[in-house]
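Notes follow the structure.
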Amino acid sequence: MPPRPRATMESHVRRLLKCRKCSAMEGKPVHGCVDGARIISLGQAPGIHEERFAKPFAYTAGKTLFRWFASIGIEEEEFRGKVNMSAVCRCFPGKLKGGDRKPSASEIKNCSEFLQFEIEHLQPELIIPIGKMAIDQILENAREVSEHGSSHLLNRNGRASYKLDQVIGLTFR
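In the working numbering, each residue's number is its place in the sequence shown (first place is 1) plus 20.
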């Protein structure tokens, strides 16, 4: 049997947009895929407004994020054109008292195939995790964390367990 042709970013996006695996998620998947990007940003999940704008970080959190980038000379459209904007989960998880619902372990697992494809397809030089859930994903899958090692950042079950100031500035592989 001949080898299966490698999926394209276009076919990946079509498959992503059709996904309905998680019944508790609200709305449809959102993506910020940029074929050929050498950088991936990784957020938690889209907010309630992102589906309407059809792009990640399109509302309140995006205003803050892009204000930070603008302060170092990176404009929003330039970032969106060069960085594959990914997320741990691609659909809005819904609201809970006090904020957005945190995606469940099964929802994270269901969505992991999309992130995995983007990492394998793009072979990024840099992944920028934005927020604790994204940092957890990187840490729990890292082979190496700076020169310090990652063992002190994971609990007995291999789950991330740290304070943010313990990981800011570290390099993960």
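A virtual CB, placed ideally from N, CA and C, is assigned to each residue, including glycine.
Because the structure is a prediction, the values reported are computed rather than measured.
Residue j beta carbon less than 8 Å from that of residue i
i      : j      : result
Val54  : Asn104 : yes
Ala44  : Gly114 : yes
Glu133 : Cys109 : no
Ser61  : Ile139 : no
Phe112 : Ala78  : no
Phe73  : Phe89  : no
Pro76  : Gly47  : no
Neighbourhood of residue i by C-beta distance below 8 Å, restricted to the same chain and skipping five residues each side
i      : result
Gly101 : Val54
Ile59  : Lys102, Val103, Asn104, Pro144, Glu145, Leu146, Ile147, Ile148
Ser181 : Leu173, Leu174, Asn175
Leu85  : Phe77, Ile150
Residues of its chain near residue i, where Cβ-Cβ distance is below 6 Å and the 5 sequence neighbours each way are ignored
i      : result
Cys39  : Pro49
Leu184 : none
Glu160 : Ala180
Nearest candidate by alpha-carbon position, reference residue i, set the options
i      : options                        : result
Asp156 : Gln143, Leu142, Gln186, Gly52  : Gln186
Gly67  : Ala57, Lys83, Ile59            : Lys83
Pro123 : Ala107, Phe137, Ile94          : Ala107
Arg179 : Met153, Glu71, Ala27           : Met153
Asp31  : Leu184, Phe137, Glu71          : Note that residue 31 corresponds to Ser in the displayed sequence, not to Asp. For the residues Leu184, Phe137, Glu71, the minimum Cα distance to Ser31 belongs to Phe137.
Leu204 : Leu135, Leu184, Lys183, Glu160 : With the chain covering 21 to 193 only, the question about residue 204 has no answer from this structure.
Classification of residue i by the beta-carbon crowding that lies within 10 angstroms, buried from 16 upward
i      : result
Ile158 : buried
Arg176 : exposed
Ile92  : exposed
Ala81  : buried
Ala57  : buried
Own chain partners of residue i with C-beta closer than 7 Å, once the 5 adjacent residues on each side are dropped
i      : result
Ile29  : Here residue 29 is Met; the residue named in the question, Ile, does not match the sequence. Closer than 7 Å at Cβ, skipping near neighbours: Cys53, Asp55, His141.
Ile188 : none
Glu95  : none
Val33  : His51, Cys53
His69  : Ala78, Tyr79
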